[in-house]
Structure formats: structure tokens, C-alpha cells
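When you read off a place in the sequence shown, starting at 1, and then add 615, the result is the number in our numbering.
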Amino acid sequence: MHNATASASLYANTDFSSLSWVEQQWAAWYLYIGNPVLATGLMSFFMHEIVYFGRSIPWVIIEAIPYFRRYKLQASKIPTPQEQWECTKQVLFSHFMVELPVIWFFHPMAEMFGMRTYEVPLPSFAEWAPQVALFFVFEDTFHYFAHQALHYGPLYKHIHKIHHKYSAPFGLAAEYAHPAEVAILGMGTIAGPLLYCLFTANFHIFSMYIWIILRLFQAIDAHSGYDFPWSLQHIVPFWSGAEHHDFHHMAFTNNFSTSFRWWDRIFGTDDKYRAYRARMNAAKKAMQGGSKEQRDEMERKLMAEVEAEGIRAEAEVVRGMGPKAKVQ
């Protein structure tokens, strides 16, 4: 049932026969709701929840299938159903108490900067692809420095420590964090599009949705705890991925970026990670003639050493013994 008044005001001069199927459905949604702010708020929140849990559930299934343990980075640490449920409750709390208000007010705020919402036609690939690439770079830079700040004593102890509850992360834990951290790091996700709106006055929320979907996929996959031969980091050398971020949770230090590896390499905050990878590769090479059980035991030993160092580094930060522990 369409709202005739909304139709007259939103799409008075629109030729619907010239639109693609997706564009027609886009317009139909806004016509059905009748209020652009309400329509955008509902669509944005539903999209976020569907994508987040839709991408997380496959990892829950994978965790339950022993076959995939060969690809798990910390194979001995499998999250229990209770841990996954506790994680889900915290994530839902943040979604409703922090992200929902931000999502709801994003539309009127962004419209002030020139963002289009209900308008059709939607942007083409040539329009949204460079924008999304720019947002990835901006968010990764913002996240690198904000994440390092969250490893500073008081901020870590009272805010970021929650996210480090799991030394072996899993997909659902991507947004398992203190509400303040969700707000702080979330700024890196929405600030890019807002600034783009401000300086260009040429941006459509459809591009924002593509950015959010890809960003959620990146965050969830980085926390999945699995490194497959076809994972993106094996195709794009500077991509971060689960193998890079899993070390951060295991060792507490190093690897503060989200999507890319370059800031950690430039500032040397991947030194322990690279040393660990070098030791692991050298040990595997030395044990090529050994049994699988021997190789697995060697990996567990190296991981245990790194995790023990991380526990000590975390304790120093919590005790407030200076900033060095947060960036080494």
C-alpha cells in the first residue's frame, strides 16, 4: 500500500520504467513507509543486524565441524555455546543501546551535509567503488591510532579489556566490546562518509550501505580465528585478515590495524608478530620430516610462549606501569 502524498513529494518526476529492479524496490520501500527518516532508520538497522548475524552464523557452524580445525589459528581453543551466547548478549546490548541511536540520527545529520537517501537512480559502481576504497583507508588509519590509545592503562582497564576477553576470537566477537569502545571505534566507520558528504555534497546512502556491509564482513572475518588458503590476505599482500588480527588477541601487543598491514609495518608495531611468524616458519621447516603430532606440539608450544608474554604485557598495562606495554 503506497502513500500517495509521499509518492507526490518524493518521486513526482521519476520515470519508474527506466529504473532497474533494485532501484524500483528501493523506491517502493520509501513509498511504503512514507517517511524518509523512518524508512532510512529502519532499513539501516535491519541491514546491519541481518549482515552482522548473517555473516557470523556461518562461523558458528564452522566452529562445530571438526574438519575445519586444520584451518583454525588456535585450534585448541573452541568457543563453547555458553561463551557464544554471552558474547551475543553483549553484542545485542551494544547494537540497541549504542548503534541504534547513531544509525537513527545518521540520516538527518548526513542530509545536512548533502547525502541522498530515497533518490533514484542509485549510484553506479564507478561512483561508489572509489568512495568505499577511500573509507577503508580512512577507517583503517583512524582505527590504528584509536586502537593504540585504547591500550593505554586507564582506557584499557575500563574500556578495551572487555574486547580482549577472548584470546582466541571468533566471528560473533567482532563487536563484543564496551559500549564506549563501540562508539569510539565506530566513529572511524561513519566519519569517512560524513566528511565525504561535507566536502563533496555528492553522496548516496546506498554507497554507505555497501561500505558498511564490506566493513562488517572485514571485521567478522578478522575475528573468525580461521586462516584458509583462499583467505583474502593470501591474495592481497597488504590485507590484514584473521591471521594478522588473531595474533593481536593471542599476544595482546602488535597489529593494531583493521583492514591493512601498512601502519603496523611503518611504525614497527608488528615486530613481535613478524618474529613469531619467522620462528614458526623456521620450526615447521626444521620439522618437515616429523609427524603431524610433533608439528602440532611445536605450534602449541610457540603459541603458549607468545600468549604468556601477552598475559604479562596486559597485566603491566592494567597495573599502569607505563605506555610501553601498549605499543611493543
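Cβ atoms here follow ideal geometry from the backbone N, Cα and C, with glycine treated the same way.
From the DSSP output, which residues share a beta bridge with residue i?
{"i": "K687", "result": "Y841"}
{"i": "W719", "result": "Paired residues: none, contrary to the question."}
{"i": "M730", "result": "F818"}
{"i": "W854", "result": "F875"}
Answer yes or no: do residue i and residue j have a C-beta to C-beta separation smaller than 8 angstroms?
{"i": "D879", "j": "F867", "result": "no"}
{"i": "Y771", "j": "C702", "result": "no"}
{"i": "G801", "j": "A761", "result": "no"}
{"i": "M902", "j": "L917", "result": "no"}
{"i": "F818", "j": "F853", "result": "no"}
{"i": "F740", "j": "G807", "result": "no"}
{"i": "R910", "j": "K900", "result": "no"}
{"i": "T884", "j": "D755", "result": "no"}
{"i": "L634", "j": "P736", "result": "yes"}
{"i": "F728", "j": "A816", "result": "yes"}
{"i": "I851", "j": "S709", "result": "Before going on, a small fix: residue 851 reads as Val here, not Ile. For V851 and S709, no; Cβs fall outside 8 angstroms."}
{"i": "A768", "j": "G904", "result": "Reading off the sequence, residue 768 comes out as Gly, not Ala. In this structure, G904 does not lie closer than 8 angstroms to G768 by Cβ."}
{"i": "F721", "j": "S624", "result": "no"}
{"i": "L787", "j": "V675", "result": "yes"}
{"i": "P794", "j": "M712", "result": "yes"}
{"i": "L558", "j": "A725", "result": "A question about residue 558 goes unanswered here, because the residues of the chain that appear run from 616 up to 943."}
{"i": "R915", "j": "S691", "result": "yes"}
{"i": "Y759", "j": "H864", "result": "no"}
{"i": "Q848", "j": "H838", "result": "no"}
{"i": "E678", "j": "I693", "result": "yes"}
Looking only at its own chain, which residues have a Cβ that is under 6 angstroms from the Cβ of residue i, when we skip the five neighbours before and after it?
{"i": "A923", "result": "none"}
{"i": "S846", "result": "G856"}
{"i": "Q746", "result": "S822"}
{"i": "Q705", "result": "Y791"}
{"i": "S632", "result": "none"}
{"i": "W743", "result": "S822 and I825"}
Quick one: what's got a C-beta closer than 7 angstroms to residue i's C-beta in the same chain, skipping five residues either side?
{"i": "G840", "result": "K687, L688, Q689, A783, P784, F785, A857 and D861"}
{"i": "M913", "result": "A898 and M902"}
{"i": "A627", "result": "none"}
{"i": "W641", "result": "V735 and L737"}
{"i": "C812", "result": "A725, F728, G729, M730 and F818"}
{"i": "N650", "result": "none"}
{"i": "P938", "result": "Per-residue confidence for P938 stands at a pLDDT of 47, beneath the threshold of 50, marking its modelled position as unreliable; the derived number appears in the next sentence. Y767, listed in sequence order."}
To which residues of the same chain is residue i closer than 8 angstroms at the C-beta, ignoring the five residues directly before and after it?
{"i": "L831", "result": "H663, V666, Y667, R670 and A789"}
{"i": "V637", "result": "L737"}
{"i": "V933", "result": "G768, Y771, K772 and K776"}
{"i": "W877", "result": "F853"}
{"i": "G925", "result": "S782, M865, A866, F867 and T868"}
{"i": "I718", "result": "G656, S659, F660 and H663"}
{"i": "I805", "result": "V717 and F721"}
{"i": "F683", "result": "I677 and Y841"}
{"i": "A834", "result": "A789, E790 and T873"}
{"i": "T629", "result": "A642 and V735"}
{"i": "I881", "result": "none"}
Could you check whether the Cβ of residue i sits closer than 7 angstroms to any heavy atom belonging to the ligand ADP?
{"i": "F711", "result": "No copy of the ligand ADP occurs in the structure displayed, which carries no ligand at all."}
Count Cβ pairs between the stretch 772 to 779 and the stretch 815 to 831 that sit closer than 8 angstroms; are there 3 or more?
The stretch 772 to 779 and the stretch 815 to 831 do not touch, with fewer than 3 CB-CB distances between them shorter than 8 angstroms.
In chain order, which continuous runs of the alpha helix (DSSP H) of length 4 or greater are located wholly inside the stretch 779 to 825?
Entirely contained in the stretch 779 to 825, the alpha helix (DSSP H) runs reaching 4 residues are, in chain order, 794 to 815.
Would you say the stretch 724 to 743 touches the stretch 647 to 659, given that touching needs at least three Cβ pairs under 8 angstroms?
Contact between the stretch 724 to 743 and the stretch 647 to 659 is present, because at least three Cβ pairs lie under 8 angstroms.
Could you tell me which whole beta strand (DSSP E) segments of length 3 or greater appear in the stretch 643 to 681?
Every candidate beta strand (DSSP E) stretch fails here, since none sits fully inside the stretch 643 to 681 while reaching 3 residues.
Unbroken stretches of the alpha helix (DSSP H), 4 residues or longer, contained in the stretch 892 to 939
Taking only runs of at least 4 residues, the alpha helix (DSSP H) segments lying wholly in the stretch 892 to 939 are 907 to 934.
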